[in-house]
Each structure stands twice: as structure tokens, then as C-alpha cells.
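Engineer:
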Amino acid sequence: MDTNYIDVERKFRPEIEGLRVVAALLVAVYHIWFGRVSGGVDVFFVVSGFLITTSIISTINRNQDFKFLPYITKLIKRLYPSVLCVLLFVLVLSIFLLPASIFDKTIKEVTASLFYYQNWQLAFSNTDYLNSSQMKTPVEHFWAMSIQGQFYIIWFLLFAGVLYLSKKVNLKNVKMQLNIVLVIVFIVSILYSIYLTEVNQPFAYFITFTRVWEFALGGLLCINLSYIKINKIIAFISGWAGLIGLILTGIIFDVSTSFPGYIALWPMFCAVLIIVSGTKDMKFGVKNLLGTPIMMKLGSLSFGVYLWHWVLLSFYNYHFSKVPSVLTGIIIILVSFILSYVMTKYIEKPIRTVSINRVAFRRLGIMMVTTILIGTSVVLINNAKSQTMAKDINKLDYPGAMAVEDHSFNSEEPIPALAAAFDDLPVSHLDGNNQGLDETDVIVGVYGENENYDATIAVVGSSHSQHWLGAVIEAAKDTNYRVLSITRSGTRFSTGYNDNDLKGQWVNNVTEYIKNNDIDLVISHATAADTEKDRIQQQMIDKLKEVESFGIEVLAVRDTPRYDFNVLEALELEGEEKTVEMMNNYDSQKDEEYWNGFLEKNNSLHVLDLTRYFKVNNEFRPIIGNVIVYRDTDHITNTFSKSFSPIFKEKINEILN
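This note's numbering applies: residue 28 is where the sequence shown begins, and numbers increase by one.
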């Protein structure tokens with residue numbers, strides 16, 4: 028077999044280093060000042076696909092073989108020093124500067140980042156409406172690193188598989204076989220990406236299989252670049268068009284809601300134009316800008332800049348609510364470059380370049396153990412602070428909502444603790460009896476009496492019905508009632524969805540379940556407090572009236588007040604009185620006019636409006652009766668929900684008896 032049997036262009040491409048700088052700066056600039064994404068990560072993926080394919084083919088040409096251990100060893104030595112360094116920094120800073128309300132989430136994501144599954148961690152949490160409104164962690168951006176790590180494993184399997192088959196069946200044109208495989212990967216992945224982006228964009232954004240096509244494009248470009256022939260004029264135009272188009276990506280498109288579907292082709296095509304234009308040398312080409320010594324030097328720091336900028340920005344945002352000024356943003360970027368330089372020179376490079384792997388892995392092992400020990404210590408410290416989570420609702424110390432009617436209670440530290448409030452969830456969420464966004468099956472959680480019960484109560488609808496489950500279960504404790512939880516994230520029990528929509532299918536399935544099972548009372552939230560659109564409110568009422576037509580009692584509960592800021596985080600960062608001011612300066616009940624009109628016309632549905640229990644002295648408050656009210660922008664804590672049990676008990680007994 029010829030040594031160089033896979034012929035690819037192997038010369039050093041300085042403009043690619045400059046392209047990496049541009050991508051890193053775009054990511055940082057759009058994160059810092061615009062609070063959105065830029066398409067820079069997609070460029071990183073294309074470049075990574077191009078470079079790793081070049082490296083793999085060079086290895087195959089040199090060794091006529093491709094073994095896993097040398098391949099993965101090289102990658103670990105190159106990637107893990109920087110990853111461990113940044114994660115250690117985050118853990119140490121978290122002890123002093125991390126808001127308690129996102130502590131648990133941060134620890135989960137640090138662990139996910141350490142073991143390269145952060146993208147899947149975010150995919151499942153971001154499609155969960157009970158998590159989506161929470162403040163971002165300082166390691167959220169590691170999702171891209173995780174995809175990159177998973178891609179490297181996929182690429183090994185693909186190339187090793189093609190190489191094995193080529194030897195087994197004596198294939199002569201291995202390059203063509205690689206092209207066929209990568210084209211198939213590209214087509215399958217992009218089609219899946221387009222489909223899933225339409226169906227469930229938040230999930231599609233983070234998962235590996237909707238992103239592999241971006242790496243595949245880089246791989247195809249590497250293998251076929253020598254076949255692409257252009258003149259200097261075309262190279263000049265395409266290079267500058269690619270750079271300008273790339274810079275404008277975040278302005279032209281709302282990347283956060285449309286990627287990684289077909290629109291992601293735009294920044295990727297821009298990157299391809301830049302790389303292809305670099306095959307020609309010309310006086311004023313984009314290569315002359317991106318390939319300068321300073322850009323090449325900065326390019327070697329781009330990986331670190333990507334890792335550091337988000338960490339610095341996150342800790343800034345935790346303590347300053349305003350968008351960073353121009354000067355502050357520039358400082359964040361400059362410090363990111365400085366930290367990247369120090370990390371690269373004194374941590375990453377000494378480990379990457381050491382010839383004895385045993386020495387490199389000993390150093391990495393020390394860093395890994397240190398990270399785990401510090402992480403464990405931080406968790407223990409946080410758990411000690413969160414012990415108040417174990418305290419229960421009681422009239423004297425923690426009356427919660429009942430304090431609105433009876434002010435004779437002691438002053439105590441509020442429960443749950445700030446660090447635990449976000450995870451103070453309904454039991455059906457914790458035990459998996461809540462349907463996610465990508466399924467339509469009816470999941471039923473069963474609580475209370477399960478045998479010889481007198482009546483069945485079903486809590487039905489979205490998370491805004493689900494967060495009353497604590498109150499209903501508590502209300503049923505001294506009765507002979509069975510309680511069912513039938514909920515789906517982000518899905519109102521409403522007539523407002525199309526039958527072929529996933530939400531519409533679930534609502535139809537639930538309607539059939541209710542109709543065909545022995546249910547005495549359905550409890551559901553009947554309005555959406557974040558909209559003034561009567562149509563949306565009426566569609567919810569219409570669905571409840573349909574249930575009523577089955578001969579089932581219905582309790583229509585008015586929605587809880589909703590805010591455009593995270594109340595829990597405001598409470599921690601701004602203090603109680605400032606949060607009270609923020610809450611009362613915001614129109615948190617846009618359903619007011621509809622609800623009042625509905626009450627005048629309603630003559631059959633049972634109704635429950637709990638608004639007054641969210642107020643003290645006619646003011647909305649984040650803490651009532653020593654209990655924290657909200658766990659995010661609009662969902663109440665399970666502890667506060669339980670405090671409503673006397674009200675629900677009285678109402679349920681009134682209806683069923």
C-alpha cells in the first residue's frame with residue numbers, strides 16, 4: 028500500500044488561525060453586548076472538522092494505520108489541561124461569588140463538562156420549562172466542547188472503519204470511500220437537524236446528531252480542497268464576502284431560535300469561502316489579514332478565549348444586572364486573552380508537548396483529583412447551608428400563604444433555602460411523571476389513596492397546573508381521595524393547538540383518557556397571566572367546558588402572577604425590598620380583564636382565584652409567611668404550594684360532597 032494513498036492538501040494555512048480568532052471574538056462580542064449567539068461556534072465546528080480530518084489523514088499516510096490509543100492520548104493532552112484549569116477556577120470562585128439559587132445546576136454542569144456530556148445535560152434541561160428561565164451557569168458554554176469531544180470519537184470510528192474495510196476488501200480509492208461516508212453523514216445529519224429544529228429547537232440546538240454535519244462539511248472540504256480551482260478575482264471576492272457575511276450572521280439571523288437548521292449553512296458557507304480563498308496568494312486578499320503573525324498568535328489563544336470569556340461574563344452578570352459597558356466588555360475580552368495566554372503557556376503547553384505520556388497523565392491526574400475534591404467540598408458547604416429545606420409548613424413558623432389570613436406567626440429564616448428553592452419541585456416532576464416536549468403519550472402519576480378511594484382528582488395541564496400538585500396532594504392526605512397528575516411541560520390544556528402538533532396530540536390523548544376513565548374532578552389552570560389575548564384564555568376555558576360535558580366536575584384555577592425576571596434570583600441578588608418594588612412595578616396579571624369578564628358569564632365551572640394569597644398589605648411579595656414564593660419567573664415553590672392545602676381541601680370537599 029502506498030504511504031500517501033489519501034492525497035490531501037497538507038500545507039499550513041495561516042488564515043485558518045485568523046478565522047478562529049474572528050469566530051472567538053464574534054462569540055464573545057455577541058454574548059457580552061447583545062445577549063445572543065453569533066454563529067461563531069458553527070465556524071469552530073467546521074474548522075475543527077477540517078483540522079482533525081487533516082490530522083487523521085496525515086497519521087494514516089504516515090503510519091499506514093490509525094490506532095485509538097495514540098489518537099485519544101494526543102487529544103486528551105491537548106484538550107483536558109485547559110478544561111480542568113477553567114473548571115477549577117469556576118469551582119473556587121463559586122464558593123464566594125456564585126448565587127446560591129443556581130449552585131446545584133452549576134455543579135451538575137461542571138460534572139457534565141468534566142466528562143464531556145454537557146451538551147446532553149443542557150439539551151434535557153433546556154427542553155424542560157421548569158428549568159429554562161433560570162440564570163445561566165458559568166460553564167454553560169462547555170456544551171460546544173462536549174460536542175467537539177464526542178465528534179472526535181465519532182470521527183475515529185468512521186475513519187478507522189473505512190480504513191479497516193479498505194484493507195479487508197482491498198479498496199484502491201480510499202479517498203472516494205471517505206467522501207461517500209462523509210456525504211452520507213452530512214445529508215443524514217442536516218436533514219435530522221432541519222426536522223428537529225422545527226419540532227423542538229431547544230433540544231436540537233445542543234444534541235450531537237444535529238451538529239455532526241457541520242464537522243462533516245469541514246472534513247469534506249479538507250479531502251476535496253485540492254480539487255477546487257478558482258482564480259485570484261474569485262478568491263478575492265469570496266474571501267471578503269465570507270468574512271463580511273460571517274460578521275453579519277448574528278445581525279441578520281436570530282441564531283438562538285433558528286439554529287442548527289438550514290440557516291446554520293450561512294456562517295458555515297462563509298467559513299468555507301474564507302478557507303477556499305486562502306488557496307490563492309494575492310496582495311489584498313482576506314488571507315493577508317487573517318494570516319498575519321499577530322492573528323496567528325491570537326489564533327493559538329482562541330480556544331482559551333472561548334472558555335474564559337463566558338466565565339468572566341457570567342460572574343459579572345451575577346452581581347451587575349446591567350449590560351456591560353463598552354469599556355467593561357473590552358476588559359472582559361482582554362482579560363480572557365491574558366488568561367488564555369497564561370493557561371496555554373504554563374499549563375496546556377507543558378502537558379501537551381511532554382514526550383513521556385506518563386508524566387503528562389500524572390499532571391492531568393493531579394488536576395482531575397483536585398477538581399473532584401474541590402467540587403465535593405463545595406457541594407458539602409452548600410448542603411450545610413441548605414438544611415432549612417427539611418423544615419415543613421406549620422401554622423406557627425411557616426404558614427406560607429395562610430399568613431395572609433393569620434398574621435400570628437414567628438419570624439424565621441425563609442424556607443426553602445435560596446440554594447434549594449429552584450429544585451423545590453412538584454413530586455411528579457421528581458419521579459418522572461411529567462411528560463416532556465418531544466412525546467405525546469399520557470403519563471399519569473398516582474398519589475394519595477390508590478385502593479378503595481371515594482373519588483379521583485386529576486391535576487391536568489402545563490407546569491402551571493403541575494405546581495398546584497403539592498397543595499392538592501396535601502389537601503387529600505386526611506381524605507379518601509386518589510390524586511392523578513397528568514401534565515406536560517409547556518402545554519396548556521387547551522383547544523388552541525393543531526391536531527398534528529405534538530402539543531395538540533397530547534391534549535387530544537389526555538382528553539380521551541379523561542373521558543374513558545373514572546375521574547370525578549379535573550383541576551387545571553384556566554388562564555395565562557402573561558398574555559392579554561382573550562383567544563388564548565378562551566381556548567383553555569373551552570377545553571375545560573368540554574371536560575365538563577363528560578359529566579365531570581371542573582375546577583378552573585386562575586393563573587399565578589408571572590414576571591419577566593427571575594424572582595428567586597432577584598431576591599438573592601437585589602434583596603427583598605428591591606424585589607418587592609420590581610414585582611409591583613410589573614404587570615404580572617395580564618389576564619385580569621378576561622378573568623373578570625369570564626366570572627360574570629360563568630354559570631357552571633367551579634373557579635378559584637388565589638391572587639390575594641400572593642400579596643401582603645396589597646403588595647406582591649417574594650416571601651410570604653416565611654416561605655419563598657417563586658422558584659423562577661412564574662412557577663411557585665412546592666413548599667409554597669403545600670401551604671395552600673387548606674384552601675384546596677375546602678374547595679375540593681365543597682365540590683365533591
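By construction, the Cβ of each residue, glycine as well, lies at the ideal position given by its N, Cα and C atoms.
Keep in mind it's a predicted model, so treat the numbers as computed, not measured.
Could you work out which residue in V406, S265 and L600 is closest to G305 when comparing CA atoms only?
Structural biologist: Considering only alpha carbons, the answer is S265.
Engineer: Taking the beta strand (DSSP E) that V117 falls in, what are its first and last residues?
Structural biologist: Where V117 is concerned, there is no enclosing beta strand (DSSP E), although the alpha helix (DSSP H) it sits in stretches over F95 to L124.
Engineer: What residue from L600, Y107, G66 and R562 has the CA that sits closest to Y524's CA?
Structural biologist: The shortest Cα separation from Y524 among L600, Y107, G66 and R562 belongs to R562.
Engineer: Taking only the alpha-carbon atoms, compute the straight-line gap between Y156 and L244 and give it to the nearest angstrom.
Structural biologist: Since pLDDT at Y156 reaches only 48, below the 50 mark, its modelled position is unreliable, and the value read off the structure follows with that caveat. Taking the straight line joining both Cα atoms gives about 33 Å.
Engineer: From what residue to what residue does the alpha helix (DSSP H) around R89 run?
Structural biologist: Element bounds for R89: G67 to N90.
Engineer: Check this for me: beta carbons of D451 and N206, under 7 Å apart or not?
Structural biologist: Not a contact, by the Cβ cut-off of 7 Å.
Engineer: What's the gap between the Cα of S140 and the Cα of L184?
Structural biologist: Roughly 22 Å separates the two Cα atoms.
Engineer: Rounded to the nearest angstrom, what separates T415 and I442 at their Cα positions?
Structural biologist: Low confidence applies here, because T415 scores a pLDDT of 47, under 50, leaving its location unreliable and the question unanswered by this model.
Engineer: When we look at the beta-carbon of I602 and count the other beta-carbons within 10 Å, is it buried (16 or more) or exposed?
Structural biologist: Note that residue 602 is Gly in the sequence shown here, rather than Ile. Flag for G602 reads exposed.
Engineer: So what's S489 in DSSP terms, helix, strand or just coil?
Structural biologist: Coil.
Engineer: Between which two residues does the alpha helix (DSSP H) carrying Y508 extend?
Structural biologist: Segment Y508 to T514 is the beta strand (DSSP E) holding Y508; no alpha helix (DSSP H) there.
Engineer: Determine the closest residue to F671 out of D659, D661, F641 and N684, with distance taken between C-alpha atoms.
Structural biologist: Nearest of D659, D661, F641 and N684 to F671, Cα basis: F641.
Engineer: Go through its chain and collect everything with a Cβ distance to T467's Cβ below 7 Å, but skip five positions before and after it.
Structural biologist: Excluding residues within five positions, the ones whose Cβ falls inside 7 Å are L529, Q532, W533 and N536.
Engineer: Which one of K560, L626, N611 and N612 has the shortest CA to CA distance from A583?
Structural biologist: Here the closest residue by C-alpha is L626.
Engineer: According to DSSP, what are the bridge partners of E166?
Structural biologist: What sits at residue 166 in the sequence shown is Val, not Glu. BP columns for V166 are empty, so no partner.
Engineer: Output the boundary residues of the alpha helix (DSSP H) element that contains A754.
Structural biologist: Missing from the structure shown is residue 754; the chain here goes from 28 to 684 and no further.
Engineer: What are the partner residues of H633, as DSSP defines its beta bridges?
Structural biologist: Looking at the DSSP assignment, H633 forms a beta bridge with L582.
Engineer: Among the residues of its own chain, which have a CB less than 7 Å from the CB of L339, if the five just before and after it don't count?
Structural biologist: Cβ within range, chain order: I359, V362 and S363.
Engineer: For the alpha helix (DSSP H) containing Y345, list its first residue and its last residue.
Structural biologist: From DSSP, the alpha helix (DSSP H) with Y345 extends over S329 to H346.
Engineer: Where do the ends of the beta strand (DSSP E) carrying H456 lie?
Structural biologist: Not the beta strand (DSSP E): H456 falls in the alpha helix (DSSP H), residues V454 to L457.
Engineer: Mind checking whether I470 and N460 have CB atoms under 7 Å apart?
Structural biologist: Cβ distance < 7 Å, so I470 and N460 count as in contact.
Engineer: Please go through the same chain and pick out, in chain order, the residues whose beta-carbon is closer than 7 Å to the beta-carbon of A556, but skip the five residues on each side of it.
Structural biologist: Once the five neighbours on either side are set aside, the close Cβ partners of A556 are D586, T587, P588, R589, S615, Q616, K617 and D618.
Engineer: So if DSSP puts F647 in a beta bridge, which residue, or which two residues, is it bridged to?
Structural biologist: According to DSSP, which records beta bridges pairwise, F647 is partnered with K642.
Engineer: Using C-beta distances below 8 Å, list every residue in its chain close to S489, excluding the 5 sequence neighbours before and after it, in chain order.
Structural biologist: Once the five neighbours on either side are set aside, the close Cβ partners of S489 are Y156, T514, R515, S516, G517, T518, R519, F520 and H552.
Engineer: If you check the beta carbons only, do S128 and L595 fall under 7 Å apart?
Structural biologist: Yes. Within cutoff.
Engineer: Near V137, what residues of its chain come up, given a Cβ to Cβ distance below 7 Å and the 5 sequence neighbours on each side ignored?
Structural biologist: Once the five neighbours on either side are set aside, the close Cβ partners of V137 are L114, V117, L118, V166 and G402.
Engineer: Does A482 come out as helix, strand or coil in the three-state DSSP assignment?
Structural biologist: Three-state DSSP puts A482 in a strand.
Engineer: Going by DSSP, which residues form a beta bridge with V549?
Structural biologist: For V549, which the question treats as bridged, DSSP gives the partners A485 and V581.
Engineer: I believe S220 touches G288 by the beta-carbon criterion, under 8 Å. Please report the beta-carbon distance rounded to the nearest angstrom.
Structural biologist: Their Cβ separation, rounded to whole angstroms, is 6 Å, which keeps S220 and G288 in contact under 8 Å.
Engineer: For G624, report the span of its alpha helix (DSSP H) as first-last.
Structural biologist: E619 to K628 is the span of the alpha helix (DSSP H), which, as asked, contains G624.
Engineer: Would you tell me roughly how many angstroms separate the C-alpha atoms of G67 and Y621, rounded to the nearest one?
Structural biologist: Straight-line Cα distance between these residues: approximately 45 Å.
Engineer: Measuring CA to CA, which of G269, M395 and M309 is closest to I260?
Structural biologist: If we check each option's Cα against that of I260, M309 comes out closest.
Engineer: Just to confirm, are T319 and P294 a CB contact at a threshold of 7 Å?
Structural biologist: Cβ distance not < 7 Å, so T319 and P294 don't count as in contact.
Engineer: For my contact list, V549 and S512 are in at a C-beta cut-off of 8 Å; report their separation, rounded to the angstrom.
Structural biologist: Their Cβ separation, rounded to whole angstroms, is 12 Å, which puts V549 and S512 out of contact at 8 Å.
Engineer: Thinking just about the alpha-carbon of each residue, which of E44, P126 and P453 is nearest to the one in M322?
Structural biologist: Here the closest residue by C-alpha is E44.
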